[in-house]
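A.B. asks: Please find one structure pasted underneath; my questions will follow.
Protein chains in written order, with this note's numbering: chain S, 3 to 90; chain F, 267 to 420.
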């Protein structure tokens, strides 16, 4: 009789250990972050200070564009990580 | 295959079928003793008992399975709801980052144009005050600006 109770209990438990097969899809990164940082511009062979200065300004600007994207990548990752960890 | 077959039965039939089956099995098992009193059915007593025992076990097993399936479905639903909320939050966060990057890039480019315009304004004056810039200046600047990994990233 006892054995039949145990068997019944085990049967009622059935396959309770199965994991829930639901997954969150991997988020798409913002399109603006998908471009690579370009190399800095080279100054053409010149003796004009204005031309050299222009390339310097262009390169500064390029650096900040790249920094902007790198910072955004980090912010995006931190946010997504937080969101992903909230689903558990 | 076996678990798939069980799942099909669990989802196709309503839950109440299984306890009914078990109860019928118990009743049949209890009444199978009466078969011995009927001379024509006397020989079938064991077969009926076995069939009823099978009904009891299948009924209990499937009832357990149905209960677990309900819990499982509830967990799946709960998780799906959480994921839907999280996916929306993820999209919003992505959109926010996208907007910020685009806005910042515009500001950076606007600043660049501003300074390039300023250079154009003082171009003649600059070139007149510093005529014949040493070529070493350009060379040093170019070498410093060169990506040191450009040779290795091919």
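Just so you know, even glycine gets a beta-carbon here, dropped at the ideal spot from N, CA and C. Just so you know, these numbers come straight off a predicted model, no measurement behind them.
With 16 as the cutoff for other CB atoms within 10 Å, does residue 359(F) come out buried or exposed?
C.D. replies: Buried, because 16 or more other Cβ atoms sit within 10 Å of the Cβ of residue 359(F).
A.B. asks: How would you call residue 328(F), buried or exposed, if buried means at least 16 neighbouring beta carbons within 10 angstroms?
C.D. replies: Answer is buried; the Cβ neighbour count reaches 16.
A.B. asks: Touch check for the stretch 294-302 of chain F and the stretch 379-387 of chain F: three-plus C-beta pairs under 8 Å?
C.D. replies: No contact exists between the stretch 294-302 of chain F and the stretch 379-387 of chain F.
A.B. asks: Between residue 403(F) and the ligand HEM, is there a pair consisting of the residue's CB and a ligand heavy atom that are separated by less than 7 Å?
C.D. replies: With respect to the ligand HEM, the structure offers nothing, as it holds no ligand at all.
A.B. asks: Residues of the stretch 74-87 of chain S with a CB closer than 8 Å to any CB of chain F: list them in chain order, please.
C.D. replies: Within the stretch 74-87 of chain S, the qualifying residues are 74, 77, 78, 81, 82, 85 and 86.
A.B. asks: So what does DSSP say about residue 25(S), is it helix, strand or coil?
C.D. replies: Three-state result, residue 25(S): coil.
A.B. asks: What are the start and end residues of the alpha helix (DSSP H) that includes residue 336(F)?
C.D. replies: First-last of the alpha helix (DSSP H) with residue 336(F): 311-395.
A.B. asks: Report the three-state DSSP secondary structure of residue 278(F) (helix, strand or coil).
C.D. replies: Looking at residue 278(F) - three-state DSSP - the assignment turns out to be helix.
A.B. asks: For residue 61(S), go through chain F and note every residue whose CB falls closer than 8 Å to its CB, in chain order.
C.D. replies: Ordered by position in chain F, the residues that pass the 8 Å Cβ test against residue 61(S) are 411.
A.B. asks: Note down, in chain order, every chain F residue with its Cβ under 7 Å from the Cβ of residue 70(S).
C.D. replies: Simply 367, 370, 371 and 374.
A.B. asks: Just to confirm before moving on: does the CB-CB distance between residue 392(F) and residue 45(S) stay below 8 Å?
C.D. replies: No, Cβ-Cβ distance for residue 392(F) and residue 45(S) is not below 8 Å.
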